[in-house]
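The structure appears below as structure tokens.
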DNA sequence: TTCGCTTAGTAAGTTTCCATTACTAACCGC
DNA sequence: GCGGTTAGTAATGGAAACTTACTAAGCGAA
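Now the structure itself:
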């Protein structure tokens, strides 16, 4: 590491520590969190304040001693933009460094083509920018329900959108002024999980999200496992029944063939807009409700158990349409997991439902767009020095 | 990071770069590998030479320019000790920083008790130390075929050894002088894989090792995934047939119940000392050979496919008793994996056989015992004879 | 042979950055 | 108001790495 990078490293450490603390913290507090000395932290904080990344509050007296000057991530000094491109809507969310919503836009309805969806998305980004015209933009992250090339530029396939090899980033870039910052596309499941990571920082868990299919993510000590192609954690095509039902993907016995919303809807012969809670009710008319829950629980449990065996994790978070029925299916899932997961021998497997914040993918995308600031605050300090706003 | 730690970081970076290079490298070469400047590398190298961690060779001329002074990890300057505790033998291997074998000892025969096995192991360690009495000992790593507590001190269970809750490290420590350095126990599968990592540094792959059971490891960019309890990658108890055969572990449908050496031997009604190649022959007398290969290949393939789906990897390495029959089973495994693994859509899944170096666990243990030197070379510099190398 | 080119390595001085030490600031309780 | 306590700053010093400029040593072509 060059000595130049040391400062960058420490700036980042201070900013991260402040965010991780989750509450206003004094310079002295940051010093003990980062194990840097008080003078060093003072200097770094001064720079970060200068760059508009940290803000000071009024001194707070807490017991004896000089009152601390509370520091927190600065609100309203920059704009990070998240996009969500879904089958039936496109949403855009602008947040500042605190993660607070600055602006939000949505267009409902299915786009006729990828080009149209991209044009809509770009329009929303422009509107969100216009709501905060003076703020520099960190970047744009788009959540897409599909597979994305490792460099985050190309949507390889997104079945629900009917997209194949769509150059999303290039498309957005042609519609947007270059000051929009970096634009990157990421998988919606691996963005949704960021919201969950905020709730339980530095934990390790398996995240299972039911949307149209069944996706998920693997979180190891607070960071999302990417995998070779960027789709690690995709639980949907785990084989739970060799030679079983044929899945939409053409394979047999996939988890999705048994428990995806899509599969269940088809199985029940219902319309596409049934809520999952009603769906289970509907299904339980033909067979017994316990049986339906049993099928979901057992196949899901088996897939989870196999994943936990490989990863040696002991926490599972159920999200998406699995969250509302989590309470009901958990006993069966737990039973199956306990019966098959090795980790169950070392201690109980925790099966939890996710945070119920709406639009986790959208929020996660905005959250991801903020990341460069935490990773490299130095870039923002040089920017603050040259008020032109653009890096040379 | 404090500025004190910067030096440590860079010393480590230089030493690692030298090892990773795999061939003698000049100071200038290290500078470009580490992105440090030549003078900085020169200084760091000087320290490492003083500490006996790097050695200089005679200048080598390669084309134009001044000949380089080749640097390599120093041979015979320190001793790292690996232990392997198996059901029918205990082995001990001493290596230096280059990984070269300095000394090796083995005692065959099953120990009557854990205490006896530990006493044997300690004796071997003493003998290996006695073979190189002047070298400082980095530490001792013991490979154990079982589950080990996360702190590496306690063997929770090792079915083949008939061990439960054995305080291995404490036991070894009472037999050994404290200068033996840190003593740690680790799982044999996750140590075996280190040999494979040396062959393909920084790659990601799934390592599947057939021994008495079926174990494995997950390697992500050159580092072994540990998991919550330290047994990530254990493929043996993946469910490949829900409600299928009963496994030794009491569960049903585990991979091990189908393809472990143990299971196959039992299935064939043979003695315990059959070689795997003969075993397959033997089994093929009752049914057709293709059928036996088919069962192994399909169940293994299914387990691998599920693991690859979760982890998004595209390389598998077969090791242990799977290596000698790799060629035969690979077609079926590949077919099954390709049929079920999502990653197969992005490109071919590579299924390879492991390095055939004998005693991979023992070698891996010694390799792991070396790790502290690469992680923190600074500790060895202070130990070195003359830190008075400060030029005024 | 000699001169220029190229690469390896070193020396000296400078810069950057953090730690140390010692201080001031501000508040509490007695 | 006075000690105790915590927050924060100022000045200095030292460690580490960078920059620049040099020497060392070989190759090859004029």
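Chains as they are written, first to last, in the numbering used here: chain A, 1 to 392; chain B, 1 to 392. Ideal Cβ positions, reconstructed from N, Cα and C, are used throughout, including at glycine. Just so you know, these numbers come straight off a predicted model, no measurement behind them.
Coarse secondary structure for residue i, derived from DSSP in three states
i                     : result
residue 182 (chain A) : strand
residue 96 (chain A)  : coil
residue 380 (chain A) : helix
residue 323 (chain B) : coil
residue 392 (chain A) : Low confidence applies to residue 392 (chain A): its pLDDT is 29, below 50, so where it sits in the model is not reliable enough to give any reading.
residue 229 (chain B) : coil
residue 89 (chain B)  : strand
residue 344 (chain B) : helix
residue 12 (chain B)  : helix
residue 17 (chain B)  : helix
residue 150 (chain A) : coil
residue 194 (chain A) : helix
residue 257 (chain A) : helix
residue 386 (chain B) : Because the pLDDT of residue 386 (chain B) is 35, which lies under 50, any placement of that residue in the model is unreliable, and the question is left without a value.
residue 69 (chain B)  : coil
residue 266 (chain A) : helix
residue 7 (chain B)   : helix
residue 337 (chain A) : helix
residue 160 (chain A) : coil
residue 318 (chain B) : strand
residue 224 (chain B) : strand
residue 135 (chain B) : coil
residue 200 (chain B) : coil
residue 241 (chain A) : coil
residue 328 (chain A) : helix
residue 2 (chain B)   : coil
residue 23 (chain A)  : coil
Proximity below 7 Å, CB of residue i to CB of residue j
i                     : j                     : result
residue 364 (chain B) : residue 100 (chain B) : no
residue 183 (chain A) : residue 172 (chain A) : yes
residue 333 (chain A) : residue 294 (chain A) : no
residue 330 (chain B) : residue 351 (chain B) : yes
residue 84 (chain A)  : residue 290 (chain A) : no
residue 346 (chain B) : residue 338 (chain B) : no
residue 79 (chain A)  : residue 105 (chain A) : no
residue 169 (chain A) : residue 163 (chain A) : no
residue 307 (chain B) : residue 206 (chain B) : yes
Supposed contact pair residue j and residue i - C-beta distance, whole angstroms, cut 8 Å
i                     : j                     : result
residue 413 (chain B) : residue 114 (chain B) : This structure cannot settle anything about residue 413 (chain B), because the visible part of chain B is limited to 1 through 392.
residue 26 (chain B)  : residue 69 (chain B)  : 6 Å
residue 181 (chain B) : residue 141 (chain B) : With 8 Å as the limit, residue 181 (chain B) and residue 141 (chain B) do not qualify as a contact, their Cβ atoms being about 10 Å apart.
residue 342 (chain A) : residue 303 (chain A) : Between residue 303 (chain A) and residue 342 (chain A) the Cβ distance is about 15 Å, and since that is not below 8 Å, they are no contact.
residue 475 (chain B) : residue 64 (chain B)  : In the structure as shown, chain B begins at 1 and stops at 392. Residue 475 (chain B) is therefore absent and cannot be evaluated.
residue 197 (chain A) : residue 219 (chain A) : 6 Å
residue 54 (chain A)  : residue 74 (chain A)  : 6 Å
residue 17 (chain A)  : residue 33 (chain A)  : 4 Å
residue 103 (chain B) : residue 128 (chain B) : 5 Å
residue 185 (chain B) : residue 144 (chain B) : 5 Å
residue 82 (chain A)  : residue 369 (chain A) : 6 Å
residue 77 (chain A)  : residue 135 (chain A) : 7 Å
residue 62 (chain B)  : residue 92 (chain B)  : At roughly 40 Å, the Cβ-Cβ gap does not stay under 8 Å, so residue 62 (chain B) and residue 92 (chain B) are not in contact.
residue 161 (chain B) : residue 87 (chain B)  : 6 Å
residue 51 (chain A)  : residue 372 (chain A) : Not a contact, Cβ separation roughly 13 Å.
Boundaries of the alpha helix (DSSP H) in which residue i is found, first to last residue
i                     : result
residue 305 (chain B) : 289-311
residue 117 (chain B) : 114-131
residue 366 (chain A) : 360-375
residue 352 (chain A) : Run containing residue 352 (chain A): none in the alpha helix (DSSP H); it sits in the beta strand (DSSP E), 350-353.
residue 49 (chain A)  : 38-50
Residue range of the unbroken beta strand (DSSP E) whose run includes residue i
i                     : result
residue 206 (chain B) : 205-210
residue 34 (chain B)  : Run containing residue 34 (chain B): none in the beta strand (DSSP E); it sits in the alpha helix (DSSP H), 27-34.
residue 173 (chain A) : That residue, residue 173 (chain A), is in no beta strand (DSSP E); its alpha helix (DSSP H) goes 168-175.
residue 215 (chain B) : 214-220
residue 101 (chain B) : 101-108
Cβ-heavy atom distance, residue i to the ligand SAH, below 6 Å
i                     : result
residue 315 (chain B) : Absence of the ligand SAH is noted for the structure shown, with no ligands found whatsoever.
- Item | the stretch 244-263 of chain B in contact with the stretch 206-216 of chain B per 3-pair CB rule at 8 Å | yes
- Message: Would you call the stretch 111-126 of chain B in contact with the stretch 45-62 of chain B, where contact means no fewer than 3 C-beta pairs closer than 8 Å?
- Response: no
- Query: Does the pairing of the stretch 247-254 of chain B with the stretch 343-357 of chain B give three or more beta-carbon distances under 8 Å?
  - Reply: no
- Item | Stretch-stretch touch, CB-based, cutoff 8 Å, three pairs: the stretch 316-328 of chain B with the stretch 221-231 of chain A | no
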